[in-house]
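Going by my numbering, the sequence shown opens with residue 57, and the numbers climb by one from there. Written out below as structure tokens is the structure these notes cover.
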Amino acid sequence: MRLNTLFIYLKNNHGFYSTVQEKHNTKIQEFLKENNIQAIQFIENNISNIVDFVEDILVEGSINIAFYVDNGNFRISSVITKELKENFGNIRVIWLGDEFSYYEYAMEKFKVDICILAEYEETFLKLLSGDTLSESNNILVKNDEGLGLKKDFISTNFENDSIYLEIIDKENRLMMGSGNIISSEKENFDKIDFYKDTMKVDLESKITGIYPSFGVGNNTRQIYIGKNNLKEEQYEKLKTYSSINSTILSWGDNSNLQNNYTNNLKIAERKNYFLSHFHQIYEDEGVKFIKFDGYTKCIEVCCLDYLKVSNDTKRVNNTNESTNKNIDTNVLMSTMKENHIEYLTITSREDFNKFTEDLEFFMEYGKFKYHNVKFILENQCRYSTSGACTIKNLIRFNLDEEMNIIPCNGCRKVVGNINDPYIKTVRKIYKEAEKVHTSRKCIECEVKDSCSKCIMLPEFLSEEEYCWFMKKYKIIDEFNVKKSILRYLVRESNVFSKIKVDDVKFSSKYISHILPNNIYIQGESVVLDKIHLIYIVDMPMIFEVNTGRIMKISKQIALIIEGGLKGTSKDMMIEAYGQVFNVDKNISRKAVEIILDKLLAMRYIKIKE
């Protein structure tokens, strides 16, 4: 059985693409297999750049590449098709799907060889078996005489301005450049909300430097170009520095945002660069906003100084009176605004000192200050755990006027230029990282497994001070994780939506609320990472990260979990149980054993080695 056809379906997941199985492709694949023709589907959750993606396709060794095209992936399918045909003309590209109006244009513009209109299984078999194609009414075949193009549909060239304006003006929503043609139906409005949320999370990752290790979109790239206007040759250079799911962030003129967006789409298209997302920052009456692609409703973005915000909220907490009309400390729900991105910056020694005070507060009380919950932190990756730094992958970077690559916010170090080969820049970063880590002696450091080992430090922070900070505040990873959990619970949980910040506290290996604090850390935690112990005032609750479930528990169970967090021995737990709940040793022993067995059965804890 020979490999004949590779099927590709690029699914648009609210703004990000991945290649997944598609039901029509699956049916064709199974039908061809019955007729001794091998076909496979190309599956990849994290797509790289166009050049590498095309190479990955070719490695499969198929002579026929079939794209299932819909209105959510027309543009990306076009770009990949064009890249294939311009560089590997012997490959036969086939399109199928429901968007018939695109076909003749695609055959002329992108050199698609064949478009299958209907009866996919039988038509595919006839095509691959060498039957005469002209006998089938279900197929369009490119010929040397050219095609009469239909003018009643929209292309990414936007040649038909009236149709283009009709699409973007319909309910003032998204234009086709963002991947979808949006109608006024409610279902499509829901899609827009998902899209907006996805873009917001993507931008927050650019700010914090923290990226998910799983899920669609985690192979994104975010590139900030400021007020630069990228030219064709610069888009060409960016091909290897970006990915299919890349975002370019630009500073825009409020009066010309839409034109700037469409002009960049045109410029990028001429170099076959897939401009997945082009967001623009602009200022209106002193307030900064971000416009996502062609989406006309923007979100507000606010960058705040850590020291100033910390002092403001400190006065609020002391007086119970708001010093800022935008700050409401009564409930946590007010800390999250759907159409806002608010973040804190640490750009001075004073900011940094305030940040360390907040870590001390969390270490002592298991609580967060108001501003820790309300705002995200720029460059959180710098003060995070091992593996958080993404500089070696160049996931985010800024470009200056000379197109120099500056990978991290708050640090002016240049690591290369987009005119340099991508591999040269990456090698330079690896060499710099190795040099810094060697001088710091990271390989033998006590916190090597819990330090992000940032090599792009701000000017106010020396290497020695950074190392001292990461060694002293080993709790910083828990601080970041539990802060994210609390922000999530505030958004998603009715229980937490109206709770004061000061009423919420976490248990960790550093702080207990029921287990006597004279019981110190005795070893590795036996509580699984998915389990977090939270208190609302004095009521203990368990939050399961993997399921999102919140469950009230007794103080007896909470004590045992706190003991597990500190790696406390069973005998010590029995002693503490008797002391806290005023029972004799036999009752204490029996209760502890029952609770441990229950927690083990529920897979909340593991057996201590």
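Even glycine gets a Cβ: it sits at the ideal position worked out from N, Cα and C.
How would you call Q278, buried or exposed, if buried means at least 16 neighbouring beta carbons within 10 angstroms? Within the sequence shown, numbered from 1, the residue matching residue 278 stands at position 222. Result: buried.
Just to check my reading of the structure: C445 and K509 have Cβ atoms closer than 8 Å, yes? What is that Cβ distance to the nearest angstrom? Working through the sequence shown from its first residue, we reach residue 445 at position 389. Working through the sequence shown from its first residue, we reach residue 509 at position 453. 6 Å between Cβ atoms; contact.
Three-state class that DSSP yields for D653 in the structure shown: The count along the sequence shown starts at 1 and reaches residue 653 at position 597. Helix at D653.
What span of residues does the alpha helix (DSSP H) with D414 cover, start to end? By 1-based counting over the sequence shown, the position of residue 414 is 358. First-last of the alpha helix (DSSP H) with D414: R405 to Y421.
Assumed close pair Y633, I532 - CB separation to whole angstroms, cut-off 8 Å: For the purposes of this step, residue 633 is identified with residue 577 of the sequence shown, where counting begins at 1. For the purposes of this step, residue 532 is identified with residue 476 of the sequence shown, where counting begins at 1. Y633 to I532, Cβ: 31 Å. No contact.
Mind checking who S74 pairs with in its DSSP beta bridge? Numbered from 1 along the sequence shown, position 18 holds the residue referred to as residue 74. In DSSP, S74 forms a bridge with K67.
With burial defined as no fewer than 16 other Cβ atoms inside 10 Å of the residue's Cβ, what is the status of N301: buried or exposed? Working through the sequence shown from its first residue, we reach residue 301 at position 245. With 16 or more Cβ atoms within 10 Å of its Cβ, N301 is classed as buried.
Beta bridge counterpart(s) of G619 as assigned by DSSP: On the sequence shown, residue 619 is found 563 positions in, with the first residue counted as 1. Partner(s): none; G619 has no beta bridge.
Where N81 falls: helix, strand or coil (DSSP): Within the sequence shown, residue 81 is the residue found at index 25, counting from 1. N81: helix per DSSP, three-state reduction.
Three-state secondary structure assigned by DSSP to M480: Residue mapping note: residue 480 aligns to position 424 of the sequence shown, counting from 1. Sequence inspection shows Lys at residue 480; the Met mentioned does not correspond to that position. Looking at K480 - three-state DSSP - the assignment turns out to be helix.
With a threshold of 6 Å on Cβ separation, who are the neighbours of K347 within its own chain once the five nearest residues in sequence on each side are excluded? As a first step, residue 347 is located in the sequence shown; it is residue number 291 there, counting from the start. Same-chain partners within the cutoff: L313, Q336 and C354.
So who's on the other strand from A122, going by DSSP bridges? Residue mapping note: residue 122 aligns to position 66 of the sequence shown, counting from 1. Answer by DSSP bridge pairing, in chain order: F63 and I150.
If we call anything under 8 Å between Cβ atoms a contact, is F535 one with L415? Mapped onto the sequence shown, residue 535 falls at position 479. Mapped onto the sequence shown, residue 415 falls at position 359. Yes, Cβ-Cβ distance for F535 and L415 is below 8 Å.
C-alpha gap between E434 and R547, whole angstroms: As a first step, residue 434 is located in the sequence shown; it is residue number 378 there, counting from the start. As a first step, residue 547 is located in the sequence shown; it is residue number 491 there, counting from the start. Whole-angstrom Cα-Cα distance: 21 Å.
So for A95, helix, strand or coil by DSSP? By 1-based counting over the sequence shown, the position of residue 95 is 39. If DSSP states are grouped into helix, strand and coil, A95 belongs with the strands.
Find the nearest neighbour of R326 within the set K295, G342 and Y338, judged by alpha-carbon distance. Along the sequence shown, one-based indexing puts residue 326 at 270. Closest option to R326, Cα to Cα, is K295.
Using only alpha-carbon positions, find the residue among Y591, K167 and K469 that is nearest to K538. Position 482 of the sequence shown, counting from 1, holds the residue named residue 538. For K538, the nearest C-alpha among the options comes from Y591.
State the DSSP-derived secondary structure class of I663, mapped to helix, strand or coil. For the purposes of this step, residue 663 is identified with residue 607 of the sequence shown, where counting begins at 1. I663: coil per DSSP, three-state reduction.
Between the C-alpha atoms of N92 and N68, what's the straight-line distance to the nearest angstrom? Against the sequence shown, residue 92 aligns to sequence position 36. Against the sequence shown, residue 68 aligns to sequence position 12. Straight-line Cα distance between these residues: approximately 32 Å.
Taking three-plus beta-carbon pairs below 8 Å as touching, is the segment 518-527 in contact with the segment 449-466? no
Measure the alpha-carbon distance for R148 versus Y73 and round it to whole angstroms. Position 92 of the sequence shown holds residue 148. Position 17 of the sequence shown holds residue 73. Cα to Cα, the separation comes out at about 23 Å.
Can you grab the Cα-Cα spacing for the pair K38 / I617, in whole Å? The chain is shown from 57 up to 665; residue 38 falls before or after that span and cannot be answered.
Determine which residues share a DSSP beta bridge with Y338 and list them. Against the sequence shown, residue 338 aligns to sequence position 282. Paired residue(s): F345.
Tell whether a beta-carbon distance below 8 Å holds between Y317 and F334. Stepping through the sequence shown from its first residue, residue 317 is reached at position 261. Stepping through the sequence shown from its first residue, residue 334 is reached at position 278. Yes, Cβ-Cβ distance for Y317 and F334 is below 8 Å.
How many angstroms separate the CA atom of L652 from the CA atom of V639? Within the sequence shown, residue 652 is the residue found at index 596, counting from 1. Within the sequence shown, residue 639 is the residue found at index 583, counting from 1. Whole-angstrom Cα-Cα distance: 18 Å.
Helix, strand or coil for G282 per DSSP? Here the question's residue 282 lines up with position 226 in the sequence shown. Looking at G282 - three-state DSSP - the assignment turns out to be strand.
Distance check for I263 and V272, CA to CA, integer angstroms please. Translated into positions along the sequence shown, residue 272 becomes position 216. Translated into positions along the sequence shown, residue 263 becomes position 207. Because V272 carries a pLDDT of 42, less than 50, the predicted location of this residue cannot be relied on, and the following value inherits that uncertainty. One C-alpha to the other measures close to 19 Å.
Contact defined as beta carbons within less than 8 Å: I believe G422 pairs with S563. What is the distance between those atoms, to the nearest angstrom? The sequence position of residue 422 within the sequence shown is 366, counting from 1. The sequence position of residue 563 within the sequence shown is 507, counting from 1. The pair is a contact, with the Cβ atoms about 6 Å apart (cut-off 8 Å).
Ignore the nearest five residues each way along the sequence and tell me which others in D169's own chain have a CB closer than 7 Å to its CB. Within the sequence shown, numbered from 1, the residue matching residue 169 stands at position 113. R148, V149, I150 and K198.
Do the CB positions of F63 and N81 come within less than 8 Å of each other? Position 7 of the sequence shown, counted from the first residue, corresponds to residue 63. Position 25 of the sequence shown, counted from the first residue, corresponds to residue 81. Yes.
Alpha carbon to alpha carbon, how far is W524 from F637? As a first step, residue 524 must be located in the sequence shown, where it is residue number 468. As a first step, residue 637 must be located in the sequence shown, where it is residue number 581. Rounded to whole angstroms, W524 to F637 spans 40 Å at the Cα level.
In this structure, how does DSSP classify N475 when only helix, strand and coil are distinguished? Within the sequence shown, numbered from 1, the residue matching residue 475 stands at position 419. Reduced to three states, the DSSP call for N475 is coil.
Does A657 pass the burial test, meaning 16 or more other C-beta atoms within 10 Å, or should it be called exposed? Position 601 of the sequence shown, counted from the start, is the residue given in the question as residue 657. Answer is exposed; the Cβ neighbour count stays below 16.
Cut-off 6 Å between Cβ atoms - residues of its own chain near I609, not counting five sequence neighbours on either side: Here residue 609 is taken as the residue at index 553 of the sequence shown, counted from 1. The residues are P596 and I598.
Could you tell me the distance, in whole angstroms, from the CA atom of G620 to the CA atom of R605? Position 564 of the sequence shown, counted from the first residue, corresponds to residue 620. Position 549 of the sequence shown, counted from the first residue, corresponds to residue 605. Between G620 and R605, the C-alpha separation is close to 20 Å.
Answer with buried or exposed for N285, where buried requires no fewer than 16 other C-beta atoms within 10 angstroms of its C-beta. The residue given as residue 285 occupies position 229 in the sequence shown. Exposed: under 16 other Cβ atoms inside 10 Å.
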